[in-house]
Amino acid sequence: MSKKNELIQSVKGTRDLLPADTPLWQRVEDEARKVFEAYNYREIRTPVLEQTALFARSVGSDTDIVTKEMYTFDDRDSGSLTLRPEATASVVRAYIEHSLYNEPGIQKLYYFGPMFRRERPQKGRYRQFYQIGAEVLGGDHPAIDAEVLEMLALLLERLGLKEFKLLVNSVGCSKCRPEYLKVLRKSLDEVKSRLCEDCQRRSNTNPLRVLDCKIEADQPIIEGLPKIIDHLCPECRQHFDAVTMELKQRGVEFEVVPRLVRGLDYYTRTTFEITSGLLGAQNAVLGGGRYDGLSEMLGGPPAPGIGFAIGQDRLVLTVEAASSLKPAQPLAAYIAWMGEATREAATMLARELRRERIGTEISYHPIKLRKAMGAASKLQVRYAIIIGEQEVESGNYQVKDMGTGEQQSVSAGEIAGFLKEKLREPAPAASPVAGQQ
RNA sequence: GUGAGCGUAGCUCAGCUGGUAGAGCGCCAGAUUGUGGAUCUGGAAGUCGCGGGUUCGAACCCCGUCGCUCACCCCA
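In our numbering, the protein residues as written are 1 to 437.
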């Protein structure tokens, strides 16, 4: 341990999720899985590493993600590779590569996993971050868009979240968007001088971004700018109207936000975002939209699609802030044994309980009963099982309810069954079990 | 890439105009050799982020550097 051994820390923007954190993450993942599968989505797992060209072509070679945020390196024999900054491109690539378009019906796919973007970290934004996402490929019916949003609303509801807003817009298609951009540029030229510095720059580089400006003083001016939903082609207009109508039918609350523009090039028509006031500046919990041309951009057949990505880090922050989920009861039982003469009996009981999926802890070396009870208490187990020489002799062990302090004698062979029966009942109010509905 | 704030014990933090480090919580042990959560007593644990400078003397002042956080940008 010389002083020269410098401490090695986790890489900037990455973090460890410790045992104190993971139950919430698991809970969010479990709920997402259940909801998605109820809507007939199936899981897909794609590599974290992809050819750089995949993202350059789909996300857009002029976007911030591609120009300055990707972790890219040259592999010895595979050319330029990139740690995925998002997963939609990968899912569509896999869809094409394995000809999933030949499967009957449309494909509904979901995924979980880490994404990588080299940005300056801040609250809710990390260099390795996690997304829970889904894609629907092979259909462009407005009912699909509406169903996706209905599903998302259900997921958030199941996670106990109420403070969120669904924002919806349409960004048109390759036919109507260029027309709109012309109109927007023209209007911007007239008002540009009155906008903030950033917006003046955006007017040239990315006029759509001006609509997303958060500067108070700019708002009245932005209000006056032409809206893309007023410049949609008849097909896009019809699609948008159908989506909003269906959302109303399904009882999904939403708000049409003409200024909602998404940052990735492949989006067409429906775009959406869900924001939470419980986050900081990075208030988007999830975002997504339709991408009807993406499959073709990647060399596949025409295959319209729509999808979303939930920022899991942000969702967890939101759930935490709303404290809508209670921590789970950690463990069911602790076995307290006294002296070497009781070791075997205790070990065998632990083995049996664990085989019966009853969470059990036991000391590896003999300790005083007092210490054992202290350990049981710290672990917050529901039951302590006491095995001393008397118990081994009689074959009846002491089972103590740590909540009430009541203790009873149960024969060794019946303990597993006894605990299983008891554990079926919810724990007393002092230690609620997560997610009981 | 830009800006601001903050780095003192495992955690949360105190430490006045520079005099060489403290509290609470947690942890360990004992009071209590077969019964936990309370209480009391004791204990372990700090290169005061790192490097340099000023000074008789630096956790404190100055410079640099690294890290974290938040914000801009952008996005999940």
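Each residue gets a CB set at the ideal place from its N, CA and C atoms; glycine is no exception.
Rounded to the nearest angstrom, what separates residue i and residue j at their Cα positions?
i    : j    : result
R285 : I65  : Residue identity differs from the one stated: residue 285 is Val in this sequence, not Arg. If I take the Cα positions, the gap works out to 18 Å.
V439 : F55  : The shown model of the chain, from 1 to 437, leaves out residue 439, and the question about it has no answer.
E157 : F272 : 18 Å
A32  : A38  : 10 Å
G288 : I221 : 27 Å
V399 : R355 : 19 Å
G339 : D401 : 23 Å
A87  : M115 : 8 Å
A20  : N204 : 47 Å
R290 : V11  : 34 Å
G277 : Q9   : 32 Å
P426 : R118 : 45 Å
T268 : G139 : 14 Å
R57  : P121 : 26 Å
V433 : G60  : Caution applies to V433, whose pLDDT of 33 falls short of 50 and renders its modelled position unreliable; the model cannot decide the point.
F112 : A372 : 40 Å
Q437 : T63  : Annotation note: pLDDT 24 at Q437 (below 50); position unreliable, no value reported.
D241 : D292 : 17 Å
V407 : H365 : For clarity, residue 407 is Gln in the given sequence; the question names Val instead. Cα-Cα distance, rounded: 24 Å.
G417 : M348 : 15 Å
L317 : L155 : 15 Å
P301 : V210 : 34 Å
E255 : G79  : 45 Å
Q319 : R343 : Residue identity check: residue 319 is Val in the sequence provided, not Gln. So the alpha carbons of these two residues sit roughly 44 Å apart.
A153 : V243 : 15 Å
M374 : A89  : Inspection of the sequence shows that residue 374 is occupied by Gly rather than by Met. About 53 Å.
With a cut-off of 8 Å on the beta carbons, I'd call residue i and residue j a contact; round off their distance for me.
i    : j    : result
L167 : V257 : 4 Å
L279 : R250 : So it is not a contact: roughly 26 Å between Cβ atoms.
A146 : L247 : 5 Å
V261 : L208 : 4 Å
K175 : C233 : 5 Å
L369 : T360 : Actually they are not in contact, since the Cβ atoms of L369 and T360 sit about 17 Å apart, beyond 8 Å.
Y397 : V381 : The pair is not a contact, with the Cβ atoms about 15 Å apart (cut-off 8 Å).
If you check the beta carbons only, do residue i and residue j fall under 8 Å apart?
i    : j    : result
H231 : Y180 : yes
Y383 : A332 : yes
L50  : R76  : Position check: residue 50 holds Glu in this sequence, whereas Leu was assumed. Against a cut-off of 8 Å, the Cβ pair of R76 and E50 comes out as no contact.
I228 : V191 : no
S282 : G124 : Inspection of the sequence shows that residue 282 is occupied by Gln rather than by Ser. Yes. Within cutoff.
Y126 : Q107 : no
Q439 : Y130 : Residue numbering for the chain in the displayed model covers 1 to 437; residue 439 lies beyond these limits and cannot be assessed.
Y266 : M245 : no
C236 : C173 : yes
T270 : F164 : no
T52  : L81  : yes
V392 : A341 : yes
L149 : V35  : no
A336 : I415 : no
Q128 : T22  : no
Y334 : A376 : yes
K422 : I358 : no
G388 : A412 : no
P330 : L379 : yes
Any contact of the stretch 51-71 with the stretch 99-108, i.e. 3+ C-beta pairs under 8 Å?
no
Under 8 Å, with one C-beta from each stretch per pair, do the stretch 127-139 and the stretch 297-314 reach the 3-pair mark?
Three or more beta-carbon pairs drawn from the stretch 127-139 and the stretch 297-314 are found closer than 8 Å, and the two stretches are therefore classed as touching.
Segment contact, 8 Å Cβ cut-off, at least three pairs: the stretch 205-215 with the stretch 145-161
no
Can you confirm whether the stretch 39-49 touches the stretch 21-30 when touching is taken to mean that 3 or more C-beta pairs between the two stretches lie within less than 8 Å?
The stretch 21-30 makes no contact with the stretch 39-49: fewer than 3 CB pairs, one atom from each, lie closer than 8 Å.
Entirely enclosed alpha helix (DSSP H) segments - the stretch 98-170, minimum 4 residues
142-158
Runs of alpha helix (DSSP H) wholly within the stretch 270-307 (minimum 4 residues, chain order)
Within the stretch 270-307, the complete alpha helix (DSSP H) runs of at least 4 residues are 294-297.
Residue ranges of each alpha helix (DSSP H) within the stretch 168-226, 4 or longer
Runs found: 176-191, 197-205, 207-210 and 219-223.
Note down, one range per segment and in chain order, each alpha helix (DSSP H) of at least 4 residues found wholly within the stretch 349-401.
369-379 and 389-394
To test your reading of the DSSP string, which unbroken beta strand (DSSP E) runs of 3 or more residues are found completely within the stretch 50-91?
For the stretch 50-91, the full-length beta strand (DSSP E) segments reaching 3 residues or more read 71-75 and 79-83 along the chain.
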